[in-house]
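Quick note, the sequences are listed as chains E and D, same order.
Just remember that the numbering used here sits 5 ahead of the position in the first sequence, which is counted from 1.
Just remember that the numbering used here sits 1 ahead of the position in the second sequence, which is counted from 1.
For glycine and all other residues, C-beta sits at the position ideal for the given N, C-alpha and C.
Encoded as C-alpha cells, the structure appears first; notes follow it.
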Amino acid sequence: MPRVLLIEDDPSVREGVELGLRRRGHEVRTAATGETGLAALGEFRPDLLLLDLMLPGMNGVQVCRRVRETSQLPIIMLTARGDDFDVVIGLEAGADDYIVKPARTEVIEARIRAVLRRIEEPGGGRPAVEHHGDLAVDRAGLTVAKGGERLALAPSELKLLLHLTAAPEQVFSRQQLLEHVWEHNYHGDARLVDACVRRLRAKIEDTPGDPRYIQTLRGFGYRFGPL
Amino acid sequence: MKACVHPREEPGTDPADLPGGTAHGRGAGRAGDAEAGGDTGPHRARARLRRPRPFGLRTRMVFAFLLVAAVSCGTTAALTYRAARSAILEQTQNTAVSAFREQVDALALDLPLDETILREMLLNIARQGKPRPWRVYAEYGALRVSSTDRPASSVLTPELKARAHAREGVPHTSFQRVVKGGTPYLTMAVPAVFRTHHEQGTAQPSGLVVYAVMELREDEANIEALVTAARDGALPALAIALIPALLAARGVLRPVRELRRAAQSMGRGRLDTRIHAKGSDELSELARTFNESAAELERSVAELRRAEARARRFASDVSHELRTPLAGMLAVTEVLDEDAGALDSDTARAVRLISAETVKLAVLVEDLMEISRFDARAAELHTDEVDVADCVRKTLISRRWTDPEQVHAALGEGIRARLDPRRFDVVVANLVGNALRHGRPLVTVRAYEDEDGALVVQVSDRGPGIPPEVLPHVFERFYKADPARTRSTGSGLGLAITLENVRLHGGTVRAANHPAGGAVFTVRIPL
Chain E
6 MPRVLLIEDD
16 PSVREGVELG
26 LRRRGHEVRT
36 AATGETGLAA
46 LGEFRPDLLL
56 LDLMLPGMNG
66 VQVCRRVRET
76 SQLPIIMLTA
86 RGDDFDVVIG
96 LEAGADDYIV
106 KPARTEVIEA
116 RIRAVLRRIE
126 EPGGGRPAVE
136 HHGDLAVDRA
146 GLTVAKGGER
156 LALAPSELKL
166 LLHLTAAPEQ
176 VFSRQQLLEH
186 VWEHNYHGDA
196 RLVDACVRRL
206 RAKIEDTPGD
216 PRYIQTLRGF
226 GYRFGPL
Chain D
2 MKACVHPREE
12 PGTDPADLPG
22 GTAHGRGAGR
32 AGDAEAGGDT
42 GPHRARARLR
52 RPRPFGLRTR
62 MVFAFLLVAA
72 VSCGTTAALT
82 YRAARSAILE
92 QTQNTAVSAF
102 REQVDALALD
112 LPLDETILRE
122 MLLNIARQGK
132 PRPWRVYAEY
142 GALRVSSTDR
152 PASSVLTPEL
162 KARAHAREGV
172 PHTSFQRVVK
182 GGTPYLTMAV
192 PAVFRTHHEQ
202 GTAQPSGLVV
212 YAVMELREDE
222 ANIEALVTAA
232 RDGALPALAI
242 ALIPALLAAR
252 GVLRPVRELR
262 RAAQSMGRGR
272 LDTRIHAKGS
282 DELSELARTF
292 NESAAELERS
302 VAELRRAEAR
312 ARRFASDVSH
322 ELRTPLAGML
332 AVTEVLDEDA
342 GALDSDTARA
352 VRLISAETVK
362 LAVLVEDLME
372 ISRFDARAAE
382 LHTDEVDVAD
392 CVRKTLISRR
402 WTDPEQVHAA
412 LGEGIRARLD
422 PRRFDVVVAN
432 LVGNALRHGR
442 PLVTVRAYED
452 EDGALVVQVS
462 DRGPGIPPEV
472 LPHVFERFYK
482 ADPARTRSTG
492 SGLGLAITLE
502 NVRLHGGTVR
512 AANHPAGGAV
522 FTVRIPL
C-alpha cells in the first residue's frame with residue numbers, strides 16, 4: 006500500500022484524513038508545517054505527498070517548488086474551492102493534481118490511486134523505445150530522453166506525454182485528457198491539463214513559445230505532432 | 002455663478018471598490034426573468050443631452066430681452082418724436098402767426114385800395130417773413146394781389162378762405178398746415194380790420210383778407226433728422242440688448258446644464274458627482290442643495306453597501322469556518338459507516354445519522370460558499386470549447402441518471418459551445434435533479450441551437466407543474482414552496498446557483514409550466 010506524507014496545519018483535518026487513509030491500508034505520516042514535512046521526506050520516503058496549500062510559515066506552493074527541485078514525487082494539493090489563484094500557482098509549481106476540501110476519504114483515495122496508477126500499456130508489438138524527433142520515449146522503463154539526455158518528468162507530465170504519443174497526431178480534448186490521464190470526470194478543471202502542458206513544453210520543447218511536439222488546436226484541444 | 006461637474010476623487014469611495022458596487026442592480030432570484038446584461042438607459046440620456054431646442058430657455062430669454070428693448074426703444078422714440086415735432090412746428094407756427102398778424106395789423110389802410118398800393122403793402126409784408134420767408138396774397142373783393150408774380154396760390158385751401166371770411170369783423174388769424182407736392186406749408190389768413198377812433202375796441206371789416214404761405218421744408222428736415230436719430234439709436238440698442246440677453250441666458254443655462262449633467266451622472270451610479278457652487282443666487286442655492294442631497298445619498302448608499310458587504314462577508318466567513326471542521330468530519334464518515342454495524346442499535350443509528358448529516362452539511366456549506374462567491378463577484382468562468390451533447394450526456398452518466406424510463410435525452414449533435422464545463426454540469430445536474438425530486442418521470446432533457454444562434458437546454462417533467470404563486474420564487478435561495486416542509490432534499494440553493502451560473506455565461510433561465518402539464522425550465526446561453 007502506498008506511503009503517504011500529509012502536510013496539513015489544521016489538526017482535525019490532519020487527523021481525519023490520516024484516520025481515513027490508514028483505515029484503507031495506507032501508511033500515513035503527518036506534518037503540521039511545511040518545514041517539518043520537508044524534513045520528514047528523506048527519512049519517511051513516501052510514495053506520494055498530500056499537501057495543504059494554506060500553511061503557516063512556508064506555504065504549500067513553496068513546499069511544492071522545493072520538492073520538485075530534487076524529486077519527481079507525486080504531489081496532490083489540498084485546497085478549498087475559491088482559492089483559484091493558489092490552485093493555478095500550485096499547478097505551475099509542479100503539483101500533479103488537486104483535491105477540493107472538504108472531501109470524503111473515498112475521493113482522496115481515488116485521486117491517490119489515479120496519480121500513482123501506471124499508464125496502461127497499449128498492447129504489444131510496439132518497440133520498447135519510441136523515437137519522436139529528438140525525444141526517446143521508453144514505455145516499459147517509463148523514461149523520456151531528449152537528445153540522449155534523460156528528462157525529469159513529474160508523474161502527470163509523463164502520463165500526459167505517454168498518452169499523447171500513444172496516438173500521434175490524434176486530437177484530444179481537455180475533457181478527454183482529464184478523464185484518461187487524471188481520471189477526473191469530464192467536467193473537471195481543464196486548467197490541470199493546461200498547466201501540465203505548459204510544464205511539459207518547458208521540458209521537452211526547443212522553444213516552448215513555439216511548440217513542435219505538443220501542439221494546441223484552438224477550440225479542440227491538444228495533439229502530439231505532426232513533427 | 003461658476004459651475005462644473007467633477008466626480009470627486011477620493012480613495013476608497015469609488016463604487017467599484019465595494020462589493021456589489023456596480024451600477025445595475027442585482028434583482029436576486031427573480032423567477033422566470035433571469036435576464037443578464039446591462040441597461041441601455043444612460044446611452045439614450047446622453048443622446049438627448051445635446052439636442053438643439055428651438056423653443057429652449059435661451060431662445061425664449063433672448064426673444065424676451067429683444068422684445069423689451071424694442072418696445073422701450075420704440076416707445077421712447079415715438080414719444081420723443083411726437084413731442085419734438087409738435088414743439089418745433091408749434092414754435093414756427095406761433096412765431097409766424099404772431100409776426101404775420103403784427104404785420105397785417107400795422108397796415109395803414111386807406112380804403113378803397115387799388116392794386117398798386119396793395120401790392121406795395123404785400124411786398125412790404127413779404128420782406129418781414131418770420132421765422133422764414135413767406136409769400137403774401139391778398140383778396141379784396143374781386144382783386145387778387147400777391148407778393149409774387151402769380152396773383153393766387155394753389156396752396157391756399159377753400160376751407161382756410163372760408164374760415165377767414167366767416168368772421169371778417171373780428172380780428173383773428175386762421176392757419177392751416179398743408180402738404181402739396183411733397184412740400185409742407187403753413188398757410189395763414191388774416192382779415193384786415195380798421196378801427197374807428199371814437200369807438201375803441203370795435204373793429205370794422207375792411208373786406209381785405211391777407212394770406213401768407215410759408216414753406217416748412219426746413220422744419221420737416223429737422224424732424225426727419227430726429228426720426229433718423231431715434232432709429233439710429235434704437236438699432237444699436239437692440240443689438241446691444243442681445244449681449245445681456247445671451248449673458249443672462251448663459252448664466253442661467255450653464256448651471257442648469259451642469260445640474261442636468263450631474264443628475265444624469267448620479268443616475269448612472271456616480272454618486273460622488275458634485276457641482277461647483279459659487280455665488281449666492283438661486284441657482285447656486287440649487288447647486289448647493291443638489292450637492293448636499295448627493296452627499297446624503299452617497300452616505301446612505303455607502304452605509305447600505307457596507308452593511309450588505311458585511312452581511313456577505315459574514316456568510317462567506319461562516320462557510321469558511323464551517324468548512325475546516327467539516328473537512329475533518331467528512332474524512333472519517335466512512336469509518337463511522339463501516340463500524341456502525343458492530344455497535345448496538347441505538348449507537349449505530351446515531352452514528353449513521355451523524356455520518357449522513359455530515360455529508361449533507363458539507364454539500365450545504367459548499368453551496369453557501371458558491372453563492373458567497375457569486376455575491377462577491379469572485380466567481381470565475383473557466384471556459385473551454387466543448388461538444389454540448391457530450392457534455393450533457395456525461396452529466397447524466399456521472400449522476401447515474403441512465404434509466405431511459407426516468408430521464409430521456411434528446412440532444413442536438415454537433416453543437417459546440419464555449420462553456421465552463423464544471424458550471425454547465427452544475428446547471429444541467431441541478432435542473433434534472435430538481436425535476437426528478439419535485440416532478441415526475443419522464444424527465445426530458447433537450448439541447449438545441451435556436452434560430453438566434455443561442456444554445457437552448459430545456460428540462461421538462463411530467464409532474465404537477467409549479468403552482469403559479471410559487472413560480473416567481475423558484476430561483477430564490479432557500480425558498481420553501483410548502484412551509485410545512487422544513488427542509489428540502491437538496492441544499493435549497495440548487496436553483497439559485499443554477500441561475501447564477503447561467504448568468505455568468507451571459508444567459509437566461511426561465512421556469513414555466515407546460516400547457517400539457519409539468520414544469521419546464523429553459524436555459525438560453527448565447528453561443
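Exercise. Measure the alpha-carbon distance for ASN190/E versus ALA332/D and round it to whole angstroms.
Key: For the purposes of this step, residue 190/E is identified with residue 185 of the first sequence, where counting begins at 1. For the purposes of this step, residue 332/D is identified with residue 331 of the second sequence, where counting begins at 1. Those two C-alpha atoms are separated by around 21 Å.
- Nearest chain E C-beta to ASP426/D closer than 7 Å, yes or no? The residue labelled residue 426/D in the question sits at position 425 within the second sequence. Yes, its Cβ sits closer than 7 Å to a Cβ of chain E.
* Asked: If the cut is a Cβ gap below 7 Å, which residues of chain E does PRO527/D touch?
  -> Taking the first residue of the second sequence as 1, we reach residue 527/D at position 526. Chain E residues near PRO527/D: none, gap ~17 Å exceeds 7 Å.
Within chain E, the residues that LEU331/D reaches when beta carbons sit closer than 7 Å:
Start at 1 with the first residue of the second sequence, and residue 331/D comes out as number 330. Within 7 Å Cβ-Cβ: PRO107, ALA108 and ARG109.
So, is LEU58/D buried or exposed, given that buried needs 16 or more other C-beta atoms within 10 angstroms? As a working note, residue 58/D is residue 57 in the second sequence. Answer is exposed; the Cβ neighbour count stays below 16.
Kindly confirm or deny that the region 211–220 of chain E and the region 105–116 of chain E touch, where touching means at least three C-beta pairs closer than 8 Å.
no
Taking the Cβ atom as the reference point for each residue, do ASN502/D and VAL427/D lie within a distance shorter than 7 Å?
Within the second sequence, numbered from 1, the residue matching residue 502/D stands at position 501. Within the second sequence, numbered from 1, the residue matching residue 427/D stands at position 426. Contact flag set, yes.
- Message: Taking a contact to mean a Cβ-Cβ separation below 7 Å, would you say GLY464/D touches ARG441/D in this structure?
- Response: Your numbering for residue 464/D matches position 463 in the second sequence. Your numbering for residue 441/D matches position 440 in the second sequence. ARG441/D sits close to GLY464/D, with the two beta carbons spaced by under 7 Å.
query = Cα separation between ILE118/D and TYR138/D?
reply = On the second sequence, position 117 is the one that residue 118/D refers to. On the second sequence, position 137 is the one that residue 138/D refers to. Taking the straight line from one Cα to the other gives about 13 Å.
Inter-residue spacing [alpha-carbon to alpha-carbon] between ARG71/E and LEU197/E:
Stepping through the first sequence from its first residue, residue 71/E is reached at position 66. Stepping through the first sequence from its first residue, residue 197/E is reached at position 192. If you take the alpha carbons of ARG71/E and LEU197/E, they lie about 20 Å apart.
Relative to the C-alpha of GLN265/D, which candidate in LEU227/D, ALA295/D, LEU68/D and ALA249/D has its C-alpha closest?
Taking the first residue of the second sequence as position 1, residue 265/D is located at position 264. Out of LEU227/D, ALA295/D, LEU68/D and ALA249/D, ALA295/D has the C-alpha closest to the C-alpha of GLN265/D.
**Asked** If we call anything under 7 Å between Cβ atoms a contact, is MET151/E one with ASP143/E?
**Response** Translated into positions along the first sequence, residue 151/E becomes position 146. Translated into positions along the first sequence, residue 143/E becomes position 138. The amino acid at residue 151/E is misidentified as Met; the sequence shows Lys. Contact: no.
Check: Using a C-beta to C-beta distance shorter than 7 Å, which residues of chain E count as neighbours of LEU327/D?
Finding: The residue labelled residue 327/D in the question sits at position 326 within the second sequence. Under the 7 Å cutoff, chain E gives PRO107.
### Query
Using a C-beta to C-beta distance shorter than 8 Å, which residues of chain D count as neighbours of ASP194/E?
The residue labelled residue 194/E in the question sits at position 189 within the first sequence. Within 8 Å of the CB of ASP194/E, the CB atoms of chain D belong to HIS383 and ARG423, in sequence order along the chain.
Discussion item. On a Cα-Cα basis, can you pick out the residue from ALA193/D, VAL191/D and ILE224/D that is closest to PRO185/D?
Written reply: Position 184 of the second sequence, counting from 1, holds the residue named residue 185/D. Out of ALA193/D, VAL191/D and ILE224/D, ILE224/D has the C-alpha closest to the C-alpha of PRO185/D.
Integer Cβ distance of LEU124/D from SER148/D, believed to fall under 8 Å: As a working note, residue 124/D is residue 123 in the second sequence. As a working note, residue 148/D is residue 147 in the second sequence. That pair is a contact at about 5 Å.
- Query: Looking only at DSSP bridge pairs, what is ILE219/E linked to?
  - Reply: Counting from one through the first sequence, the residue named residue 219/E turns up at place 214. Paired residues: PHE229/E.
| message | Just to confirm before moving on: does the CB-CB distance between ALA190/D and ALA165/D stay below 7 Å? | response | Position 189 of the second sequence, counting from 1, holds the residue named residue 190/D. Position 164 of the second sequence, counting from 1, holds the residue named residue 165/D. The answer is yes: Cβ separation under 7 Å.
* Asked: Within the chosen definition, does the region 346–357 of chain D reach the region 383–393 of chain D through at least 3 CB pairs nearer than 8 Å?
  -> no
Burial state of GLN92/D (16 or more Cβ within 10 Å): Taking the first residue of the second sequence as position 1, residue 92/D is located at position 91. Exposed, by the Cβ-count rule.
* Asked: With distances taken from CA atoms, which of GLU97/E, GLY230/E and ARG118/E is nearest HIS168/E?
  -> Counting from one through the first sequence, the residue named residue 168/E turns up at place 163. Here the closest residue by C-alpha is GLY230/E.
- Contact set between the region 334–359 of chain D and chain E, restricted to residues whose Cβ is under 7 Å from the partner: THR334, GLU335 and VAL336
Note to self: Using DSSP's beta-bridge definition, name the partner residues of VAL393/D.
What the structure shows: Reading the second sequence from its first residue, position 392 is the one you call residue 393/D. Per DSSP, none; premise fails for VAL393/D.
Handout entry: Whether THR35/E touches GLU23/E by CB criterion (7 Å)
Key = Numbered from its first residue, the first sequence carries residue 35/E at position 30. Numbered from its first residue, the first sequence carries residue 23/E at position 18. Yes, these two residues count as a Cβ contact at 7 Å.
Check the C-beta distance from VAL408/D over to VAL444/D and give it rounded, since I have them as a contact under 8 Å.
Reading the second sequence from its first residue, position 407 is the one you call residue 408/D. Reading the second sequence from its first residue, position 443 is the one you call residue 444/D. Between VAL444/D and VAL408/D the Cβ distance is about 5 Å, and since that is below 8 Å, they are a contact.
Which residues, in chain order, does the region 16–37 of chain E contribute to contact with chain D at a C-beta distance below 9 Å? Near chain D, meaning a CB-to-CB distance below 9 Å, the residues of the region 16–37 of chain E are PRO16, SER17, VAL18, ARG19, GLU20, GLY21, VAL22, GLU23, LEU24, GLY25, LEU26, ARG28 and ARG29.
Expressed to the nearest angstrom, what Euclidean distance is found between the alpha-carbon atoms of ARG151/D and ARG136/D? Start at 1 with the first residue of the second sequence, and residue 151/D comes out as number 150. Start at 1 with the first residue of the second sequence, and residue 136/D comes out as number 135. Their Cα atoms are separated by approximately 10 Å.
Check your understanding: Assuming LEU496/D contacts VAL471/D under a Cβ cut-off of 8 Å, what Cβ separation, rounded to an integer in Å, is found between them?
Key -> Position 495 of the second sequence, counted from the first residue, corresponds to residue 496/D. Position 470 of the second sequence, counted from the first residue, corresponds to residue 471/D. About 11 Å; that fails the 8 Å criterion.
Assuming contact is defined by CB atoms lying nearer than 7 Å, are ARG223/E and GLU174/E in contact in what I supplied? Taking the first sequence and counting its residues from 1, the one referred to as residue 223/E is at position 218. Taking the first sequence and counting its residues from 1, the one referred to as residue 174/E is at position 169. No. Outside cutoff.
Requested in this report: Would you mind sorting ARG372/D into buried or exposed? The rule is 16 or more other CB atoms within 10 Å of its CB.
Outcome: Sequence index remark: in the second sequence, residue 372/D carries index 371 (1-based). Going by the sequence as given, residue 372/D is Ile instead of Arg. The residue is buried, with at least 16 neighbouring Cβ atoms inside 10 Å.
8 Å Cβ shell around VAL66/E - same chain, five flanking residues per side excluded:
Taking the first residue of the first sequence as position 1, residue 66/E is located at position 61. Answer for VAL66/E: LEU58, ASP91, ILE94, GLY95 and ALA98, listed in chain order.
Next item on the list: Under 6 Å Cβ to Cβ from ALA85/D, same chain only, skipping five residues before and after it: list those, please.
Entry: Taking the second sequence and counting its residues from 1, the one referred to as residue 85/D is at position 84. Only LEU227 meet the Cβ criterion.
* Determine the DSSP secondary structure at GLU121/D, reduced to helix, strand or coil. => Here residue 121/D is taken as the residue at index 120 of the second sequence, counted from 1. Reduced to three states, the DSSP call for GLU121/D is helix.
*Cutoff 7 Å: GLU386/D Cβ touching any chain E Cβ*: Walking along the second sequence from the start, residue 386/D turns up at place 385. So yes, GLU386/D belongs to the interface.
Three-way DSSP call (helix, strand, coil) for LYS481/D in this model:
As a working note, residue 481/D is residue 480 in the second sequence. The answer is coil: DSSP assigns LYS481/D none of H, G, I, E or B.
- Using a Cβ-Cβ cut-off of 8 Å (strictly less than) and excluding sequence neighbours within five positions of ASP14/E, which residues of its own chain qualify? Here residue 14/E refers to the residue found at position 9 when the first sequence is read from its first residue. So the qualifying residues of the chain are ALA37, THR38, ASP57, MET59, LEU60 and PRO61.
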